[in-house]
Amino acid sequence: MKEKHVIGILENSQLANLTESELLTVRGHAEDCLPCRRAYEAAQLSTLLIKERVAETIEPSPFFQTRVLAALREQQQNNVPVLSRLWKSAGVLVSSMALTTAALAAFSFLAPGAGTGASQETVAALSPYSAESVVLDQDPSDDQMTDEQVLSTIYADPDEAR
Amino acid sequence: MAGRFFRQRSLVEEAAQEVFLKAFTQLGSYEGRGSMEGWLTRIATNTCLNTLRAAKRRTEFTVSDLTEDENNWLDEKLSDVSSELHRSAERQFVAADLADRLLETLSPEDRLTLTLIDGEDASVKEVAEMTGWSESKVKVRAFRARKRVREAMEKLLSRRGAKLQVASGSESAGE
C-alpha cells in the first residue's frame with residue numbers, strides 16, 4: 013500500500029464538500045485498502061443519518077402558544093414582590109376590616125353618652141326584671157302588690173273582714 | 010432549533026418554552042446590533058446545550074442496541090450506499106432514531122456542531138456566530154465529532170458483520 017490513507021480527508025471536511033479530485037482519491041484508495049473502505053462507508057452512512065435526522069421536523073402542538081403565554085404570566089406574577097401580591101389578593105378584605113374597626117371606635121368613643129360607664133347595678137335597678145325572676149321565669153308583676161293594696165291590708169277593719 | 014437537539018415532542022416544546030421565557034425576560038439586554046433571529050438562536054442554543062449537559066448521556070452505542078428496523082435500514086444502505094433509495098416516512102423515522110442514538114455518544118457541543126455543519130450545511134462562520142465560539146474551536150469540534158461518529162459507526166458495522174457471520178454460520182450448521 014504505497015498510497016497514503018484517506019481517513020484524514022474524510023475527517024477534515026464533510027463529504028459533500030470534498031472536491032472531485034479528493035473524491036477520486038478517496039474512492040480509488042478505498043478500493044484497495046480495507047480500513048479506508050470501512051471508514052469511507054461509515055462516513056457516508058453517518059452523513060446520511062445526520063441528514064435524515066435534520067430533515068425530521070417537529071410541529072408544535074396546538075396548545076403550545078397557550079402554554080407559553082400562561083408560563084409568561086406566571087413568571088410575571090412571580091416577579092412582583094410578596095407584599096404587593098398579598099395586598100392584591102387581600103387588599104379589599106383588609107381595607108374593609110380597617111374601616112369597620114374605625115367606625116366601631118368612633119361609635120364607642122365619640123358618640124354622646126358613651127363612655128360614662130353605666131354600671132351593671134344601674135342597669136339592674138332600671139330593669140323591672142330581677143335575676144331571680146328571670147331564672148324562675150316569673151313575671152314581676154304577678155305577685156307584687158301595689159302600695160294601696162298593702163295599706164288596705166294592714167289597716168283593714170277586722171270586723172269588716174269577718 | 011430545539012428540534013436539532015431533541016426528538017421527543019415534549020422535550021422540544023419544553024426547551025422552546027424556556028427559550029421564549031428567557032427571551033422575554035432578557036429583551037432589555039438586546040441591543041439591536043445583530044439580527045433578532047441571531048439573538049434568539051443564541052439563546053436557544055445555550056438553553057438547549059445546558060439542558061443536554063444536565064441530562065445524562067449514553068457513552069457507548071452497541072450492536073445489541075439496534076432494532077430490527079435499524080438493522081434493515083443499514084442493510085439497505087450498505088447494499089447501495091451511493092444511491093438514493095425510496096424514502097418512506099417510516100424509513101426516515103428509523104434513520105432519524107438511529108442518528109439520534111449515534112449522536113448521543115457525542116458531547117452536546119460536538120453534537121450541535123456536527124448537526125449544523127454536516128446536517129444543515131452551515132459554514133464554520135455561521136456556527137461560530139450562532140454559538141459564540143471562535144471559528145477554530147468550531148473547526149476542532151467538527152473534526153473531533155466527525156471522527157468519533159465515524160469510529161462509532163465503523164465499530165458498529167464491524168460488530169454487526171461479525172454477529173451476522175455467526176448467525177449465518179449457526180444456520181448452515183443446523184442445516
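Line order of the protein sequences matches chains Y and H.
Sequential numbering from 13 applies to the first sequence in the numbering used here.
Sequential numbering from 10 applies to the second sequence in the numbering used here.
Every residue, glycine too, gets a C-beta built ideally from N, C-alpha and C.
Among the residues facing chain H, L84(Y) is included, as its CB has a counterpart in that chain under 8 Å away.
8 Å or more divides the Cβ of R159(H) from the Cβ of A28(Y). Here Q26(H) really is in contact with A83(Y); their C-beta atoms are around 6 Å apart, less than 8 Å. The C-alpha of L75(H) lies about 38 Å from the C-alpha of T78(Y). For S44(H), no alpha helix (DSSP H) segment is defined, and its DSSP state is neither H nor E. Around Q26(Y), the same chain offers T59 as residues with beta carbons nearer than 8 Å, after the five sequence neighbours per side are excluded. Per the coordinates, the alpha-carbon of A117(Y) lies some 20 Å from the alpha-carbon of V104(Y). Residues of chain H whose Cβ lies closer than 7 Å to the Cβ of E64(Y) are, in chain order, Q101, A104, A105, A108.
In this chain, the alpha helix (DSSP H) harbouring A67(Y) covers 46-67. Using a Cβ-Cβ cut-off of 8 Å, Q26(H) counts as an interface residue toward chain Y, since at least one Cβ of chain Y sits closer than that to its own. For the region 108-135 of chain H, the set of residues with a beta-carbon nearer than 8 Å to any beta-carbon of chain Y comprises A108, D109, L111, L112, L123, T124, I126, D127, G128, E129, D130, in chain order. Here the region 17-24 of chain Y makes contact with the region 37-52 of chain Y; the two share three or more CB pairs at distances below 8 Å. Contact between A151(H) and L115(H) fails: their C-beta atoms lie close to 11 Å from each other, not under 8 Å. Look at L30(Y) here: in three-state DSSP terms it is coil, with no helix or strand label. By the rule that beta-carbons nearer than 8 Å mark a contact, R155(H) touches chain Y. Proximity of Q26(Y) to chain H, defined by a Cβ-Cβ separation below 8 Å, is satisfied.
DSSP places R16(H) outside both helix and strand once states are collapsed to three, so it counts as coil. The alpha-carbon of C48(Y) is positioned some 21 Å away from that of I62(Y). When C-beta atoms of the region 37-56 of chain H are compared with those of the region 10-28 of chain H, three or more pairs fall below 8 Å, so the two segments count as touching. Neighbours of V92(Y) across chain H, judged by C-beta separation under 7 Å, do not exist; the nearest C-beta is about 14 Å away. Boundaries of the alpha helix (DSSP H) harbouring F121(Y): 94-122, taken from the DSSP string. Rounded to whole angstroms, the Cβ separation of L58(H) and L111(H) is 19 Å, and the two are not in contact under 8 Å. If you draw a straight line from the Cα of E79(H) to the Cα of Q56(Y), it is about 16 Å long. Under the 8 Å criterion on CB atoms, A110(Y) is classed as non-interfacial with respect to chain H. Taking C-beta atoms as the reference points, G12(H) and T69(Y) count as a pair closer than 8 Å. Identification of chain H residues near R79(Y) by a Cβ-Cβ cut-off of 8 Å yields E22, Q26, ordered along the chain. Residues of chain Y whose Cβ lies closer than 7 Å to the Cβ of F33(H) are, in chain order, L84. Look at Q156(Y) here: in three-state DSSP terms it is coil, with no helix or strand label.
Take the alpha-carbon of E23(Y) and the one of E77(H): they are about 29 Å apart. DSSP places E129(H) in the coil class of the three-state scheme, outside both helix and strand. At a cut-off of 8 Å between C-beta atoms, E163(H) counts as an interface residue with respect to chain Y. With 16 or more other CB atoms across the displayed protein chains lying within 10 angstroms of its CB, V133(H) is buried. Contact check for D109(H) and R65(Y): beta-carbon distance about 6 Å, within the 8 Å limit, so the pair qualifies.
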